[in-house]
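One structure is given here, and the rest of the page talks about it.
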Amino acid sequence: MIRRYGDAPRNGQRYVQRPGVYAVLPRDGKLLLTYQGAPHDEIQLPGGGVDPGESPIRALHREVFEETGWRISHPRRIGAFRRFTYMPEYGIHADKLCHIYLAHPVRPLGPPTEADHIPLWLDAEDAAGMVYNMGDASFIRQLMGR
């Protein structure tokens, strides 16, 4: 069974299934996260949707690079969760199946290519309390042994 975080689905509301991949990226006691500005204004695990025909690993590399400017290595899937949410940038209500990976940030190749994203290095001990999404926070806490 996959755990659900956030609001329950609303009766009568149509949800678009949206698989996604997200990365927990530890390095030297810190985590590489992304701040997404408008329309969200949230701190998040870097990641996003898997495009049709794209493998999850390829999507993970692409999304982390787009949102942080960093390349990653050795991604390993550590779990998943569901989240029902409205995505204003797409104008849809989504049933998001969020696959979480642990990976190593290797090196920055430049600024994020996705608009309104800023890479953040936060103390791993503080990160779970700063991310918006409770599913993200749960995986950070799990990896930090809390």
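Note that the numbering used here numbers the sequence shown so that position 75 is 1084, with each residue one more than the last. Yeah, the Cβ is synthetic: ideal placement off N, Cα and C, and Gly gets one too. Values in this document were obtained by computation on a predicted structure and should not be read as measured data.
What whole-angstrom Cβ distance do residue i and residue j have, given they're in contact under 8 angstroms?
i       : j       : result
VAL1140 : GLN1053 : 6 angstroms
LEU1111 : ILE1087 : 5 angstroms
GLY1046 : VAL1073 : So it is not a contact: roughly 18 angstroms between Cβ atoms.
GLY1015 : VAL1059 : Wrong, their Cβ atoms sit about 20 angstroms apart, outside the cutoff.
GLY1144 : CYS1107 : 6 angstroms
ASP1104 : PHE1090 : In fact, because the Cβ distance is near 12 angstroms, the residues do not count as touching under 8 angstroms.
Can you name the residues that DSSP bridges to residue i?
i       : result
VAL1033 : LEU1111
ASP1145 : Looking at the DSSP assignment, ASP1145 forms no beta bridge with any residue, so it has no partner.
PRO1028 : LEU1106
ILE1066 : ILE1066 pairs with nothing; no bridge assigned.
With distances taken from CA atoms, which of the options is nearest residue i?
i       : options                            : result
ILE1101 : ARG1023, VAL1073, ILE1149, GLY1056 : ARG1023
ARG1080 : GLN1045, VAL1033, LEU1118          : LEU1118
PRO1065 : ILE1109, TYR1099, LEU1041          : ILE1109
GLY1078 : TYR1044, ASP1050, VAL1059          : TYR1044
PRO964  : PRO1114, LEU1042, ARG1013, GLY1038 : With the chain represented from 1010 up to 1155, any question about residue 964 goes unanswered, as that position is not in the structure.
GLU1051 : PRO1084, ASP1132, SER1082, ASN1142 : ASN1142
LEU1131 : ARG1085, LEU1040, HIS1049          : LEU1040
TYR1099 : PRO1048, THR1122, HIS1113          : PRO1048
GLU1123 : PRO1114, SER1082, GLU1076, ARG1085 : GLU1076
PRO1114 : LEU1152, ASP1037, ASP1125, ALA1146 : ASP1037
ARG1085 : ILE1011, LEU1152, ASP1125, MET1010 : LEU1152
ARG1019 : ARG1012, SER1082, SER1147, TYR1095 : TYR1095
Specify, as a first and last residue, the run of the beta strand (DSSP E) that residue i falls within.
i       : result
PRO1128 : 1126 to 1132
THR1094 : 1079 to 1096
GLU1051 : 1051 to 1053
LEU1041 : 1039 to 1045
GLY1058 : 1056 to 1058
TYR1014 : 1012 to 1014
Taking contact to mean 3 or more Cβ pairs, one atom from each stretch, closer than 8 angstroms, check whether the stretch 1126 to 1140 and the stretch 1030 to 1047 are in contact. Under the Cβ criterion (8 angstroms, minimum of three pairs), the stretch 1126 to 1140 counts as touching the stretch 1030 to 1047.
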